[in-house]
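For the sequence shown, the working numbering assigns the number 16 to the initial residue and increments by one for each residue that follows.
Ideal placement from N, C-alpha and C gives every residue a C-beta, glycine not left out.
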Amino acid sequence: MFEKVLIANRGEIALRVHRACREMGIKTVAVHSTADASAMNVRLADETVCIGPPPAQGSYLNIPSILSAATISHADAIHPGLGFLAENAEFATVVEEHGFTWIGPSPEHIRLMGDKVRAKETALRLGIPTVPGSPEAVRDIAGAEEAARQVGYPVLLKAVAGGGGRGMKLARDLAELGRVLPLAQAEAKAAFANDAVYIERYLDRPRHIEVQLLGDGRGGVVHLGERDCSLQRSHQKILEETPSPALDPAARERLTGIAVGALERLGYKSAGTMEFLYQDGEFYFIEMNTRLQVEHPISEMISGVDIVREQLRIAAGEPLGYAQGDVPLRGHSIECRINAENPEDFRPSPGRITDYHAPGGLGVRVDSALYQGYEVPPFYDSLVAKLVVYGASRDECLARLRRALEEYVIGGIETTIPLHQRLIENPDFRAGVYDIHWLERFLAGER
Ligand code: MV4
Numbered sequence: 016m017f018e019k020v021l022i023a024n025r026g027e028i029a030l031r032v033h034r035a036c037r038e039m040g041i042k043t044v045a046v047h048s049t050a051d052a053s054a055m056n057v058r059l060a061d062e063t064v065c066i067g068p069p070p071a072q073g074s075y076l077n078i079p080s081i082l083s084a085a086t087i088s089h090a091d092a093i094h095p096g097l098g099f100l101a102e103n104a105e106f107a108t109v110v111e112e113h114g115f116t117w118i119g120p121s122p123e124h125i126r127l128m129g130d131k132v133r134a135k136e137t138a139l140r141l142g143i144p145t146v147p148g149s150p151e152a153v154r155d156i157a158g159a160e161e162a163a164r165q166v167g168y169p170v171l172l173k174a175v176a177g178g179g180g181r182g183m184k185l186a187r188d189l190a191e192l193g194r195v196l197p198l199a200q201a202e203a204k205a206a207f208a209n210d211a212v213y214i215e216r217y218l219d220r221p222r223h224i225e226v227q228l229l230g231d232g233r234g235g236v237v238h239l240g241e242r243d244c245s246l247q248r249s250h251q252k253i254l255e256e257t258p259s260p261a262l263d264p265a266a267r268e269r270l271t272g273i274a275v276g277a278l279e280r281l282g283y284k285s286a287g288t289m290e291f292l293y294q295d296g297e298f299y300f301i302e303m304n305t306r307l308q309v310e311h312p313i314s315e316m317i318s319g320v321d322i323v324r325e326q327l328r329i330a331a332g333e334p335l336g337y338a339q340g341d342v343p344l345r346g347h348s349i350e351c352r353i354n355a356e357n358p359e360d361f362r363p364s365p366g367r368i369t370d371y372h373a374p375g376g377l378g379v380r381v382d383s384a385l386y387q388g389y390e391v392p393p394f395y396d397s398l399v400a401k402l403v404v405y406g407a408s409r410d411e412c413l414a415r416l417r418r419a420l421e422e423y424v425i426g427g428i429e430t431t432i433p434l435h436q437r438l439i440e441n442p443d444f445r446a447g448v449y450d451i452h453w454l455e456r457f458l459a460g461e462r
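What follows is the structure, given as structure tokens:
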């Protein structure tokens with residue numbers, strides 16, 4: 016096992032990785048920007064290296080700085096956390112070229128899944144159902160029209176280098192396709208430096224359901240069930256739960272079977288997530304994330320598996336050492352993302368934490384780097400805490416979540432806690448009846 020791991024991230028996820036390392040007897044190196052010098056993960060780390068100024072471009076995305084920090088601290092391995100460089104195949108490559116172990120999937124798998132057309136092509140080859148669409152990028156309007164005619168309107172234009180919904184455009188008919196194709200290409204070029212777009216049949220009211228997977232690259236693959244991530248706004252997830260209230264055991268078996276079979280055939284090594292849209296009883300693969308995800312804790316709660324620990328063990332060359340039957344999934348878990356934002360208009364709310372009291376008790380987990388006196392910097396993602404609750408049933412989980420939200424005190428900044436309190440009282444939410452558009456309608460209806 017590694018002696019020392021450099022954590023190339025910040026905030027709650029850097030703390031999450033630090034915790035797994037310490038429990039395994041591994042020393043940690045925190046790298047941080049000048050804005051994060053007094054962050055909780057930096058205070059707890061065995062060693063710290065300042066890697067640059069507040070804007071991430073100069074620090075958390077600064078590859079030479081991070082590699083220099085790993086060299087001077089004699090780290091054995093680098094964990095990228097999530098966001099920033101976690102899905103940068105070039106970074107994974109240079110980490111290994113410099114003699115450090117990359118705690119993540121192979122650069123080839125990162126690259127493959129980063130290209131959404133190649134990812135879909137691979138999914139088809141592995142027998143995973145995908146949304147009907149153009150088999151490759153469309154070059155021009157003639158190609159787009161031909162593809163759209165074949166899949167049927169309405170269609171969605173997506174960036175080949177995209178993901179997370181940026182640069183998507185809906186076209187209901189031929190005329191609209193002509194108008195939005197150049198817009199989609201221009202947006203793709205601006206956002207991803209690649210103007211290639213592809214076409215898919217538009218699903219109008221799907222749920223977003225993803226499968227958490229672990230592979231050891233030597234034949235061992237398990238899933239930790241699915242997560243329903245349909246409650247989102249502007250492609251930002253707000254609340255996730257597992258199991259999905261929309262799936263019966265047969266549908267779950269089908270979904271996880273598809274995902275595990277595909278991962279085995281890929282020879283995938285590390286933690287990963289396959290994302291699906293689910294509508295009218297059918298699953299459609301959309302993307303695969305080759306990294307740890309924000310919402311990973313709910314899968315840990317129902318499985319008892321420490322996903323970050325497994326990433327570290329797998330990167331160190333250890334086999335999984337257990338099979339699917341050794342990982343029973345029990346109970347229900349929900350994560351509320353607590354952002355430093357106004358709970359009505361979602362404007363960022365950085366600033367000093369004047370009061371802090373986290374909830375506790377049976378079945379309550381808080382992943383957060385907040386503390387009283389901490390100053391939430393304005394430069395980064397507004398996620399400041401994840402409230403993760405477990406219950407034997409969904410009803411028990413909801414009752415515990417209501418109680419935990421009631422206890423949580425974060426003073427000095429605005430947070431999305433009041434939004435979660437309103438959301439969990441809604442009858443549709445309580446019944447588990449929601450799709451990817453539901454939350455935006457709920458918010459519009461509140462105004
Ligand atoms: C879709 C879709 C409907 N039809 N593809 C958005 C993010 C990206 N991962 C894929 N996305 C979508 N792809 C087809 N063919 C609707 C979405 C979508 C969405 C998906 C998951 C979670 C939230 C979403 C919000 C809006 C649109």
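Bridge partners - E1, DSSP secondary structure assignment: Since the displayed the chain opens at 16 and closes at 462, residue 1 lies outside it and no answer follows.
Span of the beta strand (DSSP E), counted from its first residue to its last, around M289: Your numbering for residue 289 matches position 274 in the sequence shown. Its beta strand (DSSP E) spans residues K284 to Q294.
Any non-hydrogen atom of the ligand MV4 closer than 7 Å to G296 Cβ: Taking the first residue of the sequence shown as position 1, residue 296 is located at position 281. G296 Cβ: outside cutoff for every heavy atom of the ligand MV4.
Ranges of the alpha helix (DSSP H) found wholly within the region 221-307, counting only runs of at least 4: 264-281
Beta-carbon contacts of T271 that lie in its chain and below 8 Å, excluding the five residues immediately before and after: Counting from 1 along the sequence shown, the entry for residue 271 is found at position 256. The residues are V226, H238, G240 and E241.
E38, DSSP secondary structure in three states: What you label residue 38 is simply residue 23 of the sequence shown in a count that begins at 1. E38: helix per DSSP, three-state reduction.
Cα-Cα separation, L438 to F444: As a first step, residue 438 is located in the sequence shown; it is residue number 423 there, counting from the start. As a first step, residue 444 is located in the sequence shown; it is residue number 429 there, counting from the start. So the alpha carbons of these two residues sit roughly 7 Å apart.
Touching by the beta-carbon criterion (3+ pairs, under 8 Å), the region 204-220 and the region 272-287: These segments do not touch.
Rounded C-alpha distance that separates H311 from I322: Within the sequence shown, the letter at position 296 stands for residue 311. Within the sequence shown, the letter at position 307 stands for residue 322. Cα-Cα distance, rounded: 7 Å.
Same chain, Cβ closer than 7 Å to S235, neighbours up to 5 away in sequence not counted: Position 220 of the sequence shown, counting from 1, holds the residue named residue 235. The sequence as given places Gly at residue 235; Ser does not occur at that position. Correct list, in chain order: P334 and L335.
Minimum C-alpha distance to I41 - residue among N354, S408, A331 and R345: Walking along the sequence shown from the start, residue 41 turns up at place 26. Considering only alpha carbons, the answer is A331.
Buried versus exposed, by CB contacts within 10 Å (16 or more), T49: By 1-based counting over the sequence shown, the position of residue 49 is 34. With fewer than 16 Cβ atoms within 10 Å of its Cβ, T49 is classed as exposed.
Sequence-distant residues of the same chain with beta carbon closer than 6 Å to T369, five excluded per side: By one-based count along the sequence shown, residue 369 stands at place 354. G426 and G427.
Nearest residue (CA-CA) to V391, options K19, P150 and R25: Taking the sequence shown and counting its residues from 1, the one referred to as residue 391 is at position 376. Ranking the options by Cα distance to V391, first place goes to R25.
Beta-carbon gap between S149 and Y449 smaller than 8 Å: Your numbering for residue 149 matches position 134 in the sequence shown. Your numbering for residue 449 matches position 434 in the sequence shown. Contact flag unset, no.
Backbone secondary structure at R352 - three-state DSSP: For the purposes of this step, residue 352 is identified with residue 337 of the sequence shown, where counting begins at 1. If DSSP states are grouped into helix, strand and coil, R352 belongs with the strands.
Sub-8 Å separation of A355 and S348 beta-carbons: Taking the first residue of the sequence shown as 1, we reach residue 355 at position 340. Taking the first residue of the sequence shown as 1, we reach residue 348 at position 333. Result no, Cβ atoms of A355 and S348 do not sit closer than 8 Å.
Range covered by the beta strand (DSSP E) that runs through L464: This structure cannot speak to residue 464, because the chain is shown only from 16 to 462.
Where P363 falls: helix, strand or coil (DSSP): The sequence position of residue 363 within the sequence shown is 348, counting from 1. Strand.
Integer Cβ distance of Y293 from A261, believed to fall under 8 Å: The residue given as residue 293 occupies position 278 in the sequence shown. The residue given as residue 261 occupies position 246 in the sequence shown. That pair is a contact at about 6 Å.
Secondary structure of R380, DSSP reduced to three states: For the purposes of this step, residue 380 is identified with residue 365 of the sequence shown, where counting begins at 1. In the structure shown, R380 adopts extended strand secondary structure according to DSSP, grouped into three states.
Cβ-based burial, S53 [other Cβ within 10 Å; buried from 16]: Position 38 of the sequence shown, counting from 1, holds the residue named residue 53. That one is exposed.
Outcome for T288 when other beta-carbon atoms lying within 10 angstroms are tallied against a minimum of 16: Translated into positions along the sequence shown, residue 288 becomes position 273. When all chains shown are included, T288 counts as buried.
Residue from R216, S83, Q251 and G129 with nearest C-alpha to F115: Sequence index remark: in the sequence shown, residue 115 carries index 100 (1-based). Nearest of R216, S83, Q251 and G129 to F115, Cα basis: S83.
Closer than 7 Å: V346 CB and nearest the ligand MV4 heavy atom: Your numbering for residue 346 matches position 331 in the sequence shown. The residue asked about is misnamed: residue 346 is Gly in this sequence, not Val. Not one heavy atom of the ligand MV4 falls within 7 Å of the beta-carbon of G346.
DSSP three-state assignment for D370, whether helix, strand or coil: Numbered from 1 along the sequence shown, position 355 holds the residue referred to as residue 370. Of the three classes helix, strand and coil, the one that applies to D370 here is strand, per DSSP.
Distance cut-off 7 Å: M303 Cβ against heavy atoms of the ligand MV4: Here residue 303 is taken as the residue at index 288 of the sequence shown, counted from 1. Answer for M303: no, Cβ out of range of the ligand MV4.
Any C-beta of chain B under 8 Å from that of I301: Note that chain B does not occur in the displayed structure, where there is just one protein chain.
Alpha carbon of G158 to alpha carbon of Y299, nearest angstrom: For the purposes of this step, residue 158 is taken as residue 143 along the sequence shown, with counting starting at 1. For the purposes of this step, residue 299 is taken as residue 284 along the sequence shown, with counting starting at 1. Cα to Cα, the separation comes out at about 23 Å.
CA nearest to the CA of H372, picked from G366, A384 and F361: The residue given as residue 372 occupies position 357 in the sequence shown. Cα-wise, what sits closest to H372 is A384.
Nearest-angstrom Cβ-Cβ length linking Y213 and E151, presumed shorter than 8 Å: Translated into positions along the sequence shown, residue 213 becomes position 198. Translated into positions along the sequence shown, residue 151 becomes position 136. At roughly 7 Å, the Cβ-Cβ gap stays under 8 Å, so Y213 and E151 are in contact.
Every unbroken alpha helix (DSSP H) within the region 162-223, with a cutoff of 4 residues, ordered by chain: 189-207
Distance cut-off 7 Å: Y168 Cβ against heavy atoms of the ligand MV4: To locate residue 168, count along the sequence shown from 1; it is residue 153. Not so, every heavy atom of the ligand MV4 lies at least 7 Å from the Cβ.
Cα-Cα separation between A138 and K252, rounded to whole angstroms: For the purposes of this step, residue 138 is taken as the residue at position 123 of the sequence shown. For the purposes of this step, residue 252 is taken as the residue at position 237 of the sequence shown. For A138 and K252, the distance between alpha carbons rounds to 24 Å.
Three or more C-beta pairs below 8 Å linking the region 68-75 and the region 302-309: no
Straight-line gap, H124 to R267 (C-alpha atoms, nearest Å): Position 109 of the sequence shown holds residue 124. Position 252 of the sequence shown holds residue 267. Rounded to whole angstroms, H124 to R267 spans 25 Å at the Cα level.
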